[in-house]
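K.L.:
0 is the number of the first residue of the sequence shown in numbering that gives the first Met the number 0; add one for each residue after it. Provided herewith is a single structure, encoded as structure tokens, for subsequent inquiry.
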Amino acid sequence: MSQLNNTVEILKVLNKSNCRECNELTCLAFAAAVFKGNKQLAECPHLEGDVIERFRGKTETRKTPEQDLDESVEKLKRNVSEIDLSSSARRLGAEFSDDRLTIKICGKNFSVDSKGNLSSDIHINP
Ligand code: SF4
Numbered sequence: 000m001s002q003l004n005n006t007v008e009i010l011k012v013l014n015k016s017n018c019r020e021c022n023e024l025t026c027l028a029f030a031a032a033v034f035k036g037n038k039q040l041a042e043c044p045h046l047e048g049d050v051i052e053r054f055r056g057k058t059e060t061r062k063t064p065e066q067d068l069d070e071s072v073e074k075l076k077r078n079v080s081e082i083d084l085s086s087s088a089r090r091l092g093a094e095f096s097d098d099r100l101t102i103k104i105c106g107k108n109f110s111v112d113s114k115g116n117l118s119s120d121i122h123i124n125p
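Quick look at the structure:
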């Protein structure tokens, strides 16, 4: 295990004594606090220095929903940028002009350009 990616992986490196010296009720609560970014692994006084050093900067913290959304949208844009929109438009019976594929959905135009930017006649909620 070279990285601690979730609460259970963090819990595995703790001694599970639930001693409360970290001001958490249990080691599991401490692990969850570390994963949320509210505590540092080094705040458990029972961890050996080499364990703390081994995972320093390698404890992944939970992302906010906004961070998840931004990452998903950026990934989608990268994927769209690899698509040949012109041939996709022909296959879908959509229009393609000015580097933009436009298709009607429920009577409204939805467009995407080669950089993955979306636009529509109506409001788009990510
Ligand atoms: S101080 Fe360490 S061993 Fe004690 S409860 Fe907290 S995490 Fe568990």
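All C-beta atoms, glycine included, are put in the ideal place defined by N, C-alpha and C. What you are looking at is a predicted structure, and each value in this text was computed from that prediction instead of being measured.
Any heavy atom of ligand 1 inside 7 Å of the beta-carbon of N145?
P.N.:
Nothing about residue 145 can be read from this structure; the chain reaches only from 0 to 125.
K.L.:
Which complete alpha helix (DSSP H) runs does the region 3-47 hold, if anything under 4 residues is left out?
P.N.:
Runs of the alpha helix (DSSP H) inside the region 3-47: 6-11 and 26-35.
K.L.:
Taking 8 Å as the threshold (C-beta atoms), are C18 and F29 in contact?
P.N.:
Cβ distance not < 8 Å, so F29 and C18 don't count as in contact.
K.L.:
For the alpha helix (DSSP H) holding E70, just list the boundary residues, first then last.
P.N.:
Segment P64 to S80, the alpha helix (DSSP H) holding E70.
K.L.:
Could you tell me the distance, in whole angstroms, from the CA atom of S16 to the CA atom of D69?
P.N.:
Straight-line Cα distance between these residues: approximately 39 Å.
K.L.:
Would you kindly report the start and end of the unbroken alpha helix (DSSP H) that includes R90?
P.N.:
It spans L84 to L91 - the alpha helix (DSSP H) in which R90 sits, taken as one unbroken run.
K.L.:
State buried or exposed for E23, treating a residue as buried only when at least 16 other CB atoms are found within 10 Å of its CB.
P.N.:
The residue in question, E23, is buried, as its Cβ has 16 or more Cβ neighbours within 10 Å.
K.L.:
Rounding to the nearest angstrom, what Cα-Cα distance links E94 and D67 in this structure?
P.N.:
So the two alpha carbons sit approximately 31 Å from each other.
K.L.:
Does DSSP classify D49 as helix, strand or coil?
P.N.:
Three-state DSSP puts D49 in a helix.
K.L.:
Classify K103: buried if its beta carbon has 16 or more other beta carbons within 10 angstroms, exposed otherwise.
P.N.:
Result: exposed.
K.L.:
Here's the rule: buried if 16 or more other CB atoms are within 10 angstroms of the residue's CB, otherwise exposed. What is L10?
P.N.:
Buried, by the Cβ-count rule.
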